[in-house]
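Chemist: Residue numbers (the numbering used here), protein chains in the order written: chain A, 42 to 490; chain B, 42 to 490; chain C, 103 to 254; chain D, 103 to 254.
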Amino acid sequence: MFEKILIANRGEIALRINRACHEMGIRTLAVHSTADADAMHVRLADEAICIGPAAARDSYLNQQAILSAATISNADAIHPGYGFLSENAEFVSKVEEHGFVFIGPSAQHIRLMGDKIAAKKAVQDVGIPVVPGSAGAVSGLDEARAVAAEIGYPVLIKASAGGGGRGMKAANNAGELDAAYQTAVSEAVASFGNGEVYMERYLARPRHIEFQILADHHGNVVHLGERDCSLQRRHQKVIEESPSPALNATERARIGHIAAAAVRKIGYHSVGTVEFLYENGEFFFIEMNTRLQVEHPVTEAITRLDLVREMIRVASGAPLGYSQDDIPFNGHAIECRINAENPDTFLPSPGTIGDYHPPGGLGVRVDSALYSGYKVPSHYDSMIAKLIVLGSNRNECLMRLKRALGEYVIDGLETSIPLHQKLVAAPDFVNGDYDIHWLEKFVGLKEDG
Amino acid sequence: MFEKILIANRGEIALRINRACHEMGIRTLAVHSTADADAMHVRLADEAICIGPAAARDSYLNQQAILSAATISNADAIHPGYGFLSENAEFVSKVEEHGFVFIGPSAQHIRLMGDKIAAKKAVQDVGIPVVPGSAGAVSGLDEARAVAAEIGYPVLIKASAGGGGRGMKAANNAGELDAAYQTAVSEAVASFGNGEVYMERYLARPRHIEFQILADHHGNVVHLGERDCSLQRRHQKVIEESPSPALNATERARIGHIAAAAVRKIGYHSVGTVEFLYENGEFFFIEMNTRLQVEHPVTEAITRLDLVREMIRVASGAPLGYSQDDIPFNGHAIECRINAENPDTFLPSPGTIGDYHPPGGLGVRVDSALYSGYKVPSHYDSMIAKLIVLGSNRNECLMRLKRALGEYVIDGLETSIPLHQKLVAAPDFVNGDYDIHWLEKFVGLKEDG
Amino acid sequence: MPKQPKSAVDADLIRTLADLLDETGLKEIEYGSGDWNVRVVRESAGTVVAASTPLASTAQPAIGAATEAETFADHPGLVASPMVGVVYTSPEPGQPSFVKVGDQVTEGDSILLIEAMKVFNPIKAPCSGRVARIFIGTEDPVEYGEPLMIIE
Amino acid sequence: MPKQPKSAVDADLIRTLADLLDETGLKEIEYGSGDWNVRVVRESAGTVVAASTPLASTAQPAIGAATEAETFADHPGLVASPMVGVVYTSPEPGQPSFVKVGDQVTEGDSILLIEAMKVFNPIKAPCSGRVARIFIGTEDPVEYGEPLMIIE
């Protein structure tokens with residue numbers, strides 16, 4: 042097992058990793074920007090090294106500084122968290138070249154899944170259903186029209202290098218296609234410096250359902266059930282739950298088995314998430330995330346597995362030690378992502394935390410690096426806390442979530458807690474009757490796609 | 042189901058009950074003393090009524106004031122928590138006479154188990170093993186000598202009306218008996234106004250292991266496994282864990298079955314705890330607690346049941362809805378009772394909370410009514426928080442507990458957190474090798490018995 | 103202090119300075135000229151406010167503790183309820199009240215009844231004086247310490 | 103400046119002074135001329151202290167950020183490390199140091215090397231002056247922003 046792990050991240054996920062390491066008896070090294078000198082993960086880590094100024098490109102994305110920090114502090118391994126360098130294949134290669142272990146999948150698998158067109162082909166080859174679409178990149182309006190006619194409207198035009206909803210446009214009929222195509226290409230160029238786009242069937246009211254996969258270096262792969270992440274705003278997840286209100290045990294086992302088998306076939310290791318769109322009983326692959334997800338705690342709640350611990354264990358070469366039949370799925374868990382933002386306008390609200398009082402009691406977990414007096418920097422993501430609630434069933438979970446949200450005090454800035462309180466009380470959400478467009482309608486926003 | 046529950050308690054347990062009620066959609070009425078006007082359970086309850094001045098006898102023990110409050114606010118039921126009126130049979134009768142539901146066992150069962158001699162007889166009749174001892178009260182030194190000779194030294198002399206270690210004396214041999222007997226009688230008179238004592242074998246290195254029972258009004262009874270509460274100081278529990286390091290699944294099932302069957306035979310309903318001394322594979326009944334216990338969360342952690350919810354459900358007449366085979370025992374849970382006291386001298390340390398930051402993350406539960414700026418009153422018990430940690434096994438639980446204790450910030454007064462940090466690191470505790478005398482030796486105290 | 107006594111202080115000046123304290127977040131302003139000066143200080147409520155706001159919601163009293171009555175909580179002539187119960191302002195239904203505002207009472211006079219668990223407890227005037235305020239009406243529920251009336 | 107008390111105070115003056123308090127971090131300013139004066143006080147920010155104590159333990163820097171050096175953090179002649187790496191005080195092992203305390207240096211002179219990922223980066227004097235302090239020794243690891251030396 043590792044002696045010392047460098048945590049190449051910040052905020053709640055750096056704290057999450059720090060906790061897992063300490064619970065495994067592993068020393069931690071926090072690397073941080075000047076803006077995060079007072080951050081909680083820095084205070085709680087065994088060692089800390091400042092790697093650069095506030096801007097992420099000069100610190101959390103500064104590969105050389107992170108590798109230098111690992112070198113001078115004799116770390117064994119690097120955990121990237123999510124975001125930043127977590128899905129950067131070049132970084133993974135450098136980490137390994139310098140003799141450190143990257144706690145995550147191989148550079149090769151990250152590269153494969155980072156290329157949306159190649160990823161789709163690869164998973165299709167190993168048995169995962171995909172959305173009907175273009176065979177590859179679509180170059181030119183003529184080809185776009187032909188492909189659209191073949192796969193059927195509505196169609197979606199997406200940037201090959203895309204993500205986060207940028208460079209993604211829908212066309213409901215042939216009349217809308219030309220404009221949508223041209224906008225998508227322009228946005229792709231502007232956002233990614235690469236105008237390549239591909240096309241696929243646009244699903245009208247799909248849910249976003251993703252399967253958590255865990256694989257070791259010895260060919261053992263399990264799935265840990267699904268998460269329903271349909272509640273999204275501008276392609277950012279807001280609430281996640283497991284199990285999905287739309288799935289039964291048979292469906293879960295069927296798709297979970299397909300996903301795990303596919304991951305085994307491609308030789309993947311570490312945690313990974315296979316994301317699907319689900320509509321009318323059909324699953325279609327979206328993409329595979331080759332990292333720990335923000336929403337991993339809902340899976341931890343219903344399976345009682347510590348995913349970060351498992352990630353570290355398999356990175357050290359340890360075998361899983363259990364098989365699919367040993368994975369229980371008990372209870373119901375929901376996560377609310379709490380952002381420092383106005384709950385109506387969604388404008389970011391950085392500032393200094395006044396009173397801070399997280400909820401407690403049975404079935405309540407808070408993952409947050411906040412503390413009273415902490416100054417939330419304006420340089421980074423606005424997510425400041427995750428509230429994860431477990432109940433023996435969905436209704437109990439919802440009631441517990443309601444009371445926990447009511448207890449949560451974060452003074453000094455605006456947060457999305459009031460939005461979550463509205464969502465938890467919304468009849469559609471209570472009934473589990475929602476799709477990926479529901480939240481934007483609920484908050485009165487038009488989809489930009 | 043009830044519409045409104047009066048919570049006849051304060052502190053963390055009042056907050057615990059308030060949370061369970063809200064999660065069941067039940068309105069709450071907090072009754073409080075003038076000293077608790079700013080208490081968290083008062084703030085979070087739907088309604089609040091001040092029932093008297095700070096002294097417990099004038100407020101939390103003031104039966105008339107509590108019943109008046111229930112009457113004027115139209116409560117349906119009263120939850121007593123632990124301590125105060127929770128095991129007062131007279132109060133239970135009054136509650137029922139006034140048409141309210143008492144959320145707990147019947148007055149008759151409370152009365153029975155409150156009389157230590159009668160309780161011992163009653164449970165022996167329904168198959169629970171008891172410590173060899175006097176058939177009943179021992180009156181006079183001559184009888185004491187005869188009984189001691191029969192059951193064998195060392196012997197313990199205990200007040201019939203006793204509790205909390207008062208009126209309890211040990212004699213290791215005939216030479217110590219006379220003095221021990223006379224001291225026990227004197228203390229019994231002084232503490233309880235009743236000099237009646239009984240005698241039993243004194244166990245040299247027993248563990249305190251208790252079984253949690255849950256029974257409905259329809260004859261359904263389950264046991265929820267055991268808690269090892271051997272870590273005690275002056276007969277006050279300090280750390281509790283489940284499962285006990287000393288028990289295996291067969292032993293658990295055997296004793297649990299005996300305890301549940303006995304509770305069924307005496308017609309008991311609600312939660313209850315059958316306490317045993319365990320030495321060399323033998324169990325001996327100590328007493329039965331006819332209420333919710335402070336340490337109930339460790340049982341909740343490993344069984345995933347919400348005990349307060351279950352208590353309320355069965356009080357409303359609902360059947361359990363599950364049987365013994367449906368109760369899982371998974372993982373390992375430990376609770377630390379955190380007191381406002383000097384961790385070395387154990388002197389109480391009331392005061393105003395400065396910075397307050399409870400630990401978070403996976404497997405960590407905090408039950409506490411503290412908040413930054415809260416003034417801990419000096420009138421009541423010094424327990425200010427309970428930290429409950431769940432791990433997939435005992436080692437993981439201990440490591441998680443260690444990191445959670447390290448994160449817990451309670452400024453403004455002294456707490457027993459440093460003591461818990463020492464305990465968690467002590468080799469005997471880590472090895473599970475401890476008995477009911479271990480803690481007092483560890484903290485350098487002589488037993489007073 | 104002005105050497106020449108004035109019948110009216112420069113209230114506008116003080117209001118202006120007070121507004122400036124708020125606006126600028128200052129604690130104190132001294133301002134003067136020659137033998138004249140004014141100094142305004144705002145008590146900082148920092149921790150007091152903090153202490154009273156850490157919880158998202160505050161329980162509503164189940165019973166009618168009027169806001170008006172709260173402002174008299176420290177009044178020396180306050181009669182506060184010694185128990186939880188229901189107030190009766192007259193000895194029997196339909197009979198006149200024990201006392202009404204303006205009445206003179208003598209120490210020990212019955213001024214109310216409070217019923218608790220079917221027992222009617224007479225509340226007696228703690229001092230002699232004039233009934234200045236009555237905060238409750240008949241059959242109102244009251245909690246311990248709740249203001250009932252003021253006798254001056 | 104008003105010589106006579108007025109109901110219209112010089113609000114702009116107070117706003118200016120309040121801004122100056124912010125800018126300078128002062129707690130109090132008294133300002134006067136002849137028989138006229140003004141004094142403004144800012145409540146000290148208690149929360150700053152609170153912010154630094156809510157966690158039970160603080161990570162130790164992995165590398166030797168000397169306490170001594172911290173007191174020079176705001177020194178105008180401070181040379182701080184522009185990167186994470188390992189310091190070398192001389193161009194080659196066994197050779198004399200680039201600089202020692204008391205040396206005069208000219209802006210642009212090499213004063214140290216920092217090795218990061220096998221690349222030796224020369225650190226140049228940001229200004230001309232005398233080397234007053236050197237906080238690090240050869241082969242010491244340094245973090246971003248860590249004080250290296252002072253040139254006065």
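The beta-carbon is built from N, C-alpha and C at its ideal position, and this holds for glycine as well.
#1: Along chain D, which residues have their Cβ under 7 Å away from the Cβ of Gln105(A)?
#2: From the DSSP output, which residues share a beta bridge with Met424(A)?
#3: So, for Gly52(A): in the same chain, excluding its five sequence neighbours on each side, which residues have a beta-carbon less than 6 Å away from its beta-carbon?
#4: Here's the rule: buried if 16 or more other CB atoms are within 10 angstroms of the residue's CB, otherwise exposed. What is Pro400(A)?
#5: Run down chain B in chain order and give the residues with a C-beta less than 9 Å from the C-beta of Asp408(A).
#6: Does the contact criterion of 3 or more C-beta pairs under 8 Å hold for the segment 89–104 of chain A versus the segment 68–76 of chain A?
#7: Does the beta carbon of Arg232(D) come closer than 8 Å to any beta carbon on chain C?
#8: For a quick check, are the C-beta atoms of Gly268(A) and Glu251(A) less than 8 Å apart?
#9: Should Glu138(A) go down as buried or exposed, given a rule of 16 or more other Cβ atoms within 10 Å for buried?
#10: Given a limit of 7 Å on CB to CB distance, which residues of the segment 239–251 of chain C reach chain B?
#11: To which residues of the same chain is Gln273(B) closer than 7 Å at the C-beta, ignoring the five residues directly before and after it?
#12: Which residue from Ile375(B), Asn321(B) and Ala356(B) puts its Cα closest to that of Pro121(B)?
#13: Comparing alpha-carbon positions, which option in Pro468(A), Gly414(A) and Phe143(A) lies nearest Asp452(A)?
#14: When the Cα atoms are used, what is the spatial distance from Ala202(B) to Arg435(B)?
#15: What whole-angstrom Cβ distance do Leu108(A) and Met219(D) have, given they're in contact under 8 Å?
#16: To be precise: take each residue of the segment 103–129 of chain A, compare its Cβ to all Cβ atoms of chain D, and keep it if any distance is under 7 Å. Which residues remain?
#17: Name the chain C residues that come within less than 7 Å of Ile116(D), Cβ to Cβ?
#18: Which residue marks the beginning of the alpha helix (DSSP H) containing Gly155(B), and which one marks its end?
#19: What residues in the segment 171–190 of chain D have a beta carbon less than 7 Å from any beta carbon of chain A?
#20: So that I know if they touch, is there some Cβ in chain C lying closer than 8 Å to that of Val207(D)?
#21: Does the distance from the C-beta atom of Met240(B) to that of Ile198(B) stay below 8 Å?
#22: Write down every uninterrupted run of the alpha helix (DSSP H) in the segment 238–281 of chain A whose length is 4 residues or greater and which is fully enclosed by it, in chain order.
#23: Hey, quick one: how far does the beta strand (DSSP E) through Ser311(B) stretch, first residue to last?
#24: On the DSSP bridge assignment, give the partners of Met209(B) in chain order.
#25: Work out the CA separation of Gly247(D) and Ser192(D) for me, nearest whole Å.
#26: Provide the residue span of the alpha helix (DSSP H) that contains His337(B), from first to last.
#27: What three-state label does DSSP hand Thr224(A) in the structure shown?
#28: Within the chosen definition, does the segment 331–350 of chain A reach the segment 309–323 of chain A through at least 3 CB pairs nearer than 8 Å?
#29: Quick check on DSSP: helix, strand or coil for Ala118(B)?
#30: If you draw a straight line from the alpha carbon of Asp385(A) to that of Val263(A), how long is it in whole angstroms?
#31: Short check: CB of Leu218(A) to CB of Ala185(A), under 8 Å?
#32: With DSSP run on the structure shown, which of helix, strand or coil describes Ser74(B)?
#33: From Asp257(A) to Phe200(D), what does the alpha carbon distance come to, in whole angstroms?
#34: Do you know offhand how far Leu157(D)'s Cα is from Met81(A)'s?
#35: If you run the structure through DSSP and keep just helix, strand and coil, what is Gln365(A)?
#36: If you pair each beta-carbon of the segment 211–231 of chain A with each one of the segment 177–192 of chain A, do three or more pairs fall below 8 Å?
Modeler: Working from what's here:
#1: Neighbours of Gln105(A) on chain D, chain order: Ala218 and Met219.
#2: As DSSP reads the structure, Met424(A) sits in a beta bridge with Asn380(A).
#3: Closer than 6 Å at the Cβ level, and outside the excluded window around Gly52(A), lie Ala410.
#4: Its Cβ being crowded by 16 or more others within 10 Å, Pro400(A) is buried.
#5: In chain order: Gly401, Gly402 and Leu403.
#6: With the cut-off at 8 Å, the segment 89–104 of chain A and the segment 68–76 of chain A touch.
#7: False, the Cβ-Cβ gap to chain C never drops below 8 Å.
#8: As written in the sequence, residue 268(A) is Arg, which differs from the Gly given in the question. A contact, by the Cβ cut-off of 8 Å.
#9: That one is exposed.
#10: Taking 7 Å as the Cβ-Cβ cut-off against chain B, the residues of the segment 239–251 of chain C that qualify are Pro243, Glu245, Tyr246 and Gly247.
#11: Once the five neighbours on either side are set aside, the close Cβ partners of Gln273(B) are His249, Val279, Ile477 and Leu480.
#12: Comparing alpha-carbon positions, the option among Ile375(B), Asn321(B) and Ala356(B) lying closest to Pro121(B) turns out to be Ala356(B).
#13: Comparing C-alpha distances from Asp452(A) to each of Pro468(A), Gly414(A) and Phe143(A) shows the shortest one belongs to Gly414(A).
#14: Taking the straight line from one Cα to the other gives about 37 Å.
#15: Cβ atoms of Leu108(A) and Met219(D) come within 8 Å of each other, at about 6 Å.
#16: Listed by position, the residues of the segment 103–129 of chain A near chain D (Cβ gap below 7 Å) are Gln105, Ala106, Leu108, Ser109, Ala110, Ile113 and Ser114.
#17: Chain C residues near Ile116(D): Leu122, Thr126 and Ile131.
#18: Its alpha helix (DSSP H) spans residues Ala148 to Gly155.
#19: Of all residues in the segment 171–190 of chain D, Met185, Val186, Gly187 and Val188 have a Cβ within less than 7 Å of some Cβ in chain A.
#20: It does not; no Cβ of chain C falls within 8 Å.
#21: Yes, Cβ-Cβ distance for Met240(B) and Ile198(B) is below 8 Å.
#22: Here no run is fully enclosed.
#23: Ser311(B) -> beta strand (DSSP E) spans Ser311 to Glu320.
#24: Answer is Lys199(B), bridged to Met209(B).
#25: Ser192(D) and Gly247(D): Cα-Cα distance of roughly 21 Å.
#26: Run containing His337(B): His337 to Thr344, per the alpha helix (DSSP H) assignment.
#27: The answer is helix: DSSP assigns Thr224(A) an H, G or I state.
#28: They touch, by the three-pair rule.
#29: Note: Ala118(B) maps to strand in three-state DSSP.
#30: Taking the straight line from one Cα to the other gives about 40 Å.
#31: For the pair Leu218(A) and Ala185(A), the CB atoms are nearer than the 8 Å cut-off.
#32: Reduced to three states, the DSSP call for Ser74(B) is strand.
#33: Cα to Cα, the separation comes out at about 51 Å.
#34: Residue confidence is low: Leu157(D) scores 47 on pLDDT, short of 50, so the model does not pin down where it sits. Its coordinate-derived value is still stated next. So the two alpha carbons sit approximately 8 Å from each other.
#35: In the structure shown, Gln365(A) sits in a helix (DSSP, three-state: H, G or I).
#36: Taking a cut-off of 8 Å for Cβ pairs, the segment 211–231 of chain A and the segment 177–192 of chain A touch, as three or more such pairs fall below it.
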